[in-house]
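Below: the structure, in structure tokens.
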Amino acid sequence: MAQYKILGRDPYWMNFYGLMILTAIEVGAVGADMSSTAEALNMSEDGITLWILTIIAIPKFFMIAAIFMHLYGDPDSGILTMTALFPAFFIIIMILFIGLTHPDAATGLPAWCRPGTWGL
Amino acid sequence: MFDYDLELSEHVYTGEGLIWMFVAIVITSIGMFVFWRQDLSFDGTYEPLATGSPFKNIQIRKVGMFVFLMSEMMVFTSLFSTYMRYRLGLRRCDDVFADGLFDPVANPTGWQEAVPVTCFEPASHLIASSWWHLAPGAVNTFALIISSFTIVQALRYAKKTDIDEELRRRRVTMFLGTTWVLAILFLTLKMVEWFVGFYIPDLGFIHEHEIKSLVAEGYTIGADHYQHHSYVDEATGAHMTANIRVSASTFYVTTGTHGAHVAGGIIGLTYMTYKAWRGGYTPTNAVSIEYFGLYWHFVDLVWVIVFPFFYLY
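Line order of the protein sequences matches chains A and B.
For the first sequence, position 86 matches number 77 in the working numbering, and the numbering has no gaps at all.
For the second sequence, position 135 matches number 157 in the working numbering, and the numbering has no gaps at all.
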């Protein structure tokens, strides 16, 4: 169990409160009218929602992993965190190079990085 | 862009991969059985520790659980990247609808009535359309977070040495039982959202609502003539129909895989709650709750990503 405190209080309770608040903001952000913000930032409302959801999901992810899963603060946290990060390379490949590439990428790439340019 | 209709029609699934799915289920089941058998008689006197680097002096079962969770992470990463790829590769159906009704002269690129358009229709278009539609998913999110907290509390009380045995037994049972109830609630609301829907009567301060399930709305993996109620041209009354098989499949496969993990967790929780009720957990063998807790937190972790990107966005 965690031997540290967050703001002088029990870390599990603090984590629980934090997760509940962040989730409430997340749900609220979807219902909120952000048209004026979108206009001011020259973005679409969907784009702003996506940013908010991403920004909230990241700390939630770390709060669960670090505090509830004890990947922070325990004697074996370091090596277990490294184990947890092991598939990071695979995840980067899947998300960045497969998930985020456009289906047109193969034909839409600049000429210098398309097959043929290097005599292959 | 790819012609997804052509892609789909050329790839008829014949089920040849099913055998590997069953092999994987059998291997996982054997692993779970060994884990359970080890836990059944585990009194804390012999918890095997790793002897070699880099996990020296760390419980082998704990390391094994993390390695298992990493393989799970890869499974969900595959599902997420599939979703992202299709979501980026196909135009959103409401964008296609915004192009307007086809007219050979004025709008030659518009949609035509009764000619389905292949486009991406995120489930959030239905789910996030009102607070009532969103309610099951939102309640489920809070339920999973609370259940993550209750399982930590179960572990805390199981490890406490300064309380009497009866109080420990009652507290651990209560927290594990609460986790079990929340997991059941999660799957129940998932079924309501997918298949059943719900009805809110007129209560004066709340107006009458009938919330249809996703399936009743026509959001299914076979929907090649899907009609959202907003895809109607106001001037002519023409309906835009859409082929949304790809978007519905990514939604149901990803959220369904997550739901299957919750169902697996319920099986484990049933056994653990029973064991706790029998007074089976003591400070010396409480680590079993910790190992299961790792799995359960991982299920919550996945939901942290699934909920915003499949339900809200």
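The beta-carbon is built from N, C-alpha and C at its ideal position, and this holds for glycine as well.
When DSSP states are grouped into helix, strand and coil, isoleucine 52 (chain B) belongs to the helix group. For valine 275 (chain B), the nearest beta carbon of chain A is not closer than 8 Å to its own beta carbon. For tyrosine -5 (chain A), no alpha helix (DSSP H) segment is defined, and its DSSP state is neither H nor E. Within chain A, no residue has its beta carbon less than 8 Å from that of isoleucine 266 (chain B); the closest one is some 17 Å off.
Only those residues of the stretch 55 to 79 of chain A whose C-beta falls short of 7 Å from the nearest C-beta of chain B are listed: Ile55, Ala56, Phe59, Met60, Asp67, Ile70, Leu71, Thr74, Ala75, Phe77, Pro78.
Along the stretch 103 to 116 of chain B, the positions whose C-beta sits under 7 Å from a C-beta of chain A are Ser103, Met106, Arg107, Leu110, Gly111, read in chain order. Taking a Cβ-Cβ threshold of 8 Å, the residues of chain B close to isoleucine 86 (chain A) are Thr99, Phe102, Ser103, Met106, in chain order. Listed in chain order, the positions of the stretch 24 to 40 of chain A with a beta carbon within less than 9 Å of a beta carbon of chain B are Asp37, Thr40.
Cβ neighbours of leucine 207 (chain B) within its own chain (closer than 8 Å, five residues either side excluded): Val161, Asn162, Ala165. The beta-carbon of leucine 91 (chain A) is placed less than 8 Å from the nearest beta-carbon of chain B. For isoleucine 233 (chain B), the enclosing beta strand (DSSP E) stretches over residues 231 to 233. Taking the CA atoms as reference points, methionine 92 (chain B) sits about 22 Å from threonine 73 (chain B). For lysine -4 (chain A), the closest Cβ of chain B is not nearer than 8 Å. Taking all protein chains shown into account, tyrosine 179 (chain B) has 16 or more neighbouring C-beta atoms within 10 Å of its C-beta and is therefore buried. Residues of chain A whose Cβ lies closer than 7 Å to the Cβ of aspartate 322 (chain B) are, in chain order, Ile55.
For the pair tyrosine 313 (chain B) and methionine 87 (chain B), the CB atoms are nearer than the 8 Å cut-off. Closest option to glycine 315 (chain B), judged by alpha-carbon separation, among A:Ile89, A:Ala56, A:Tyr63: A:Ala56. Interface residue (Cβ-Cβ distance to chain A less than 8 Å): histidine 319 (chain B) is classified as such. Taking 8 Å as the threshold, the shortest C-beta distance from isoleucine 12 (chain A) to chain B does not fall below it. Histidine 319 (chain B) sits in a helix when the DSSP states are folded into three classes. Per DSSP, isoleucine 243 (chain B) is not a residue of any beta strand (DSSP E), being assigned neither H nor E. Between the alpha carbons of leucine 62 (chain B) and alanine 205 (chain B) lies a gap of roughly 23 Å. Within the stretch 150 to 162 of chain B, the residues whose Cβ lies closer than 8 Å to any Cβ of chain A are, in chain order, Ala150, Trp153, Leu156, Ala160. In terms of Cα proximity to methionine 25 (chain A), the closest of A:Val18, A:Glu36, A:Phe52, A:Ile70 is A:Glu36. Cβ contact annotation for isoleucine 39 (chain A) (same chain, cutoff 8 Å, sequence separation greater than five): Met25, Thr28, Ala29, Leu32, in chain order. Close partners of isoleucine 82 (chain A) in chain B (Cβ separation under 8 Å): Met95, Met96, Thr99. The criterion of a C-beta distance shorter than 8 Å is satisfied by methionine 106 (chain B) and isoleucine 86 (chain A). For arginine 109 (chain B), the closest of A:Thr92, A:Ala15, A:Ser68 by C-alpha to C-alpha distance is A:Thr92. Along the stretch 25 to 89 of chain A, the alpha helix (DSSP H) occurs as fully enclosed runs of 4 or more residues at 26 to 32, 36 to 54, 68 to 76, 79 to 83, listed in sequence order. For tyrosine 221 (chain B), the uninterrupted beta strand (DSSP E) segment begins and ends at 220 to 222. Residue pairing by DSSP puts asparagine 129 (chain B) in a beta bridge opposite B:Asp125. In the three-state reduction of the DSSP assignment, leucine 10 (chain A) falls in the helix class, which pools H, G and I.
With the rule of 3 Cβ pairs closer than 8 Å, the stretch 206 to 225 of chain B counts as touching the stretch 233 to 251 of chain B.
In the DSSP assignment, the residues bridged to leucine 71 (chain B) are B:Gln81. Taking all protein chains shown into account, serine 146 (chain B) has 16 or more neighbouring C-beta atoms within 10 Å of its C-beta and is therefore buried. When secondary structure is reduced to three states using DSSP, phenylalanine 273 (chain B) falls in the helix class.
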